[in-house]
Structure formats: structure tokens, C-alpha cells
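Remarks on the structure that follows.
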Amino acid sequence: EFMLRLDDYLKHFIATKISKDALWRKIQIYYSGVNVPGEGEHKIMTFIRSLKLSTSFSPESAHIVHGNDADLIMLGLGLDIINFSILREVENYDPLSKKLEMMVLHHSLLREYINQEFVSLKESLPFSYEPKKIIYDWILMAFLVGNDFLPCLPFLHINNNALSLLWNTYKSVLPTLDGTVFTLLRPPDRQLSN
């Protein structure tokens, strides 16, 4: 019952803002309420993926999602959209502080950092180096240390440098494989097109 009341309130709030605030009339607002199943971050990503498939989609379109859920980082990377960012609240452990700090995580920069971390492998690989597929492997490794749906593997906890362990192991093993982990695990009929 609470969620239904909240849903009604949010619909009313949006309608009121659009009718009374000229700035709100200049932006497109998409609301996915309680009647649409799924977690918020997954509904957002599904919506953005549907936009990406649209003939009117522009690769230069900017998308910014507000939320502190770490899964947003990985889900956003998986979208492979150039101008995708996450607006996050900086965690403040002082209960008396009234200051709200925000940070923006630009996925284009994160992609570049990931690429820089692994591009040194390019010459030693028996297959062509594709940053997109390396990033998909990076997402998989990040999910192995736990997320909202999967617990971390018993010996891979993020607080115990599990990501560094995985990345270093990945760097040493990847040159011995016939492709990225993502490519090798993906069924042939589901391969990515370039």
C-alpha cells in the first residue's frame, strides 16, 4: 500500500512540476512506476538500451543516472554508450553533517582507464585486442566479487583486494587464451557484432 501511495505522489509531483515549471517542460521525463516489474537500475538500463536501438538515437546523446548502487557502474559500462554518466552522492559518515557532496562518474573516462590498464597486453595476444570485449571481461570480474544478485566467491572479497588479484591473474592468463573470457563463454549465436 505504501508503494502505491508513493507511486501516486510521484505521478502528481511530476505533473505539477511540468505544469508550473518552465524548465521541467523542456526535458523529457520517463516514469516507471510500481506496476512495471524490476529493480530501478535494471528498468533504467532496459529503457536506455531501447533508446539505443531506436532509429532516432544519436550516439552523442547524453545520459546521466542518479544513484549510489555500485551495479549502476557495471550496468552502465555494459551499455557501451559514449556519453553515459552516474551522479553519485559522496558517502559521508558524519551523522551531524548537513553538507551533501556529489560526484560524477563519466563512463567514457572509466572505459579509457580500463583500456589503459590492459592495452599493454595487445601485442602478446593471439587474437585482436578489442577494448569493448576487455571491458566486458572487466565487468564480469567485478561481478565475481559480489553484487546485488550474486554473493562474492568465498575467497574473493572486494575488501581483500580481490579485484587486483583478478586483474593480475587475468593479465597473466589472457595471452594464453583464444579470445576474451566474455567471447569464450558466449554461445556462438550470441556473439557481438562490431
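Letter 156 of the sequence shown, counting from 1, is numbered 156 in full-length UniProt numbering, and no numbers are missing.
Glycine residues also receive a C-beta, built at the ideal position from the N, C-alpha and C atoms.
Quiz item: If you compare alpha carbons, which of 64, 103, 11, 102 is closest to residue 79?
Solution: 64
Quiz item: Hey, quick one: how far does the alpha helix (DSSP H) through residue 212 stretch, first residue to last?
Solution: Outside the modelled stretch of the chain, which goes from 1 to 194, sits residue 212, for which no answer is possible.
Quiz item: Using 8 Å as the threshold, is the segment 162–180 in touch with the segment 121–135, meaning 3 or more CB pairs across them?
Solution: yes
Self-check item: Runs of beta strand (DSSP E) wholly within the UniProt domain "Xrn1 helical" (129–180) (minimum 3 residues, chain order)
Solution: none
Quiz item: Around the C-beta of residue 158, are 16 or more other C-beta atoms found within 10 angstroms, so that it is buried, or is it exposed?
Solution: exposed
Self-check item: From 24, 36, 30, residue whose alpha carbon lies closest to that of residue 4
Solution: 36
Exercise. Give the single residue among 10, 135, 91 whose Cα lies nearest to the Cα of residue 34.
Key: 10
Practice problem: Please report the residue range of the alpha helix (DSSP H) in which residue 44 lies. | Solution: 40–53
Practice problem: Quick one: measure Cβ to Cβ for residue 48 and residue 81, integer angstroms, because I've assumed they're closer than 8 Å. | Solution: 7 Å
Quiz item: In chain order, what residues of the same chain have a beta carbon less than 7 Å from the beta carbon of residue 41, not counting five sequence neighbours either side?
Solution: 67, 69, 71, 72, 75
Self-check item: Cα-Cα separation, residue 77 to residue 61
Solution: 16 Å
Quiz item: From this set, 131, 167, 121, 123, which residue's C-alpha is nearest residue 143's C-alpha?
Solution: 167
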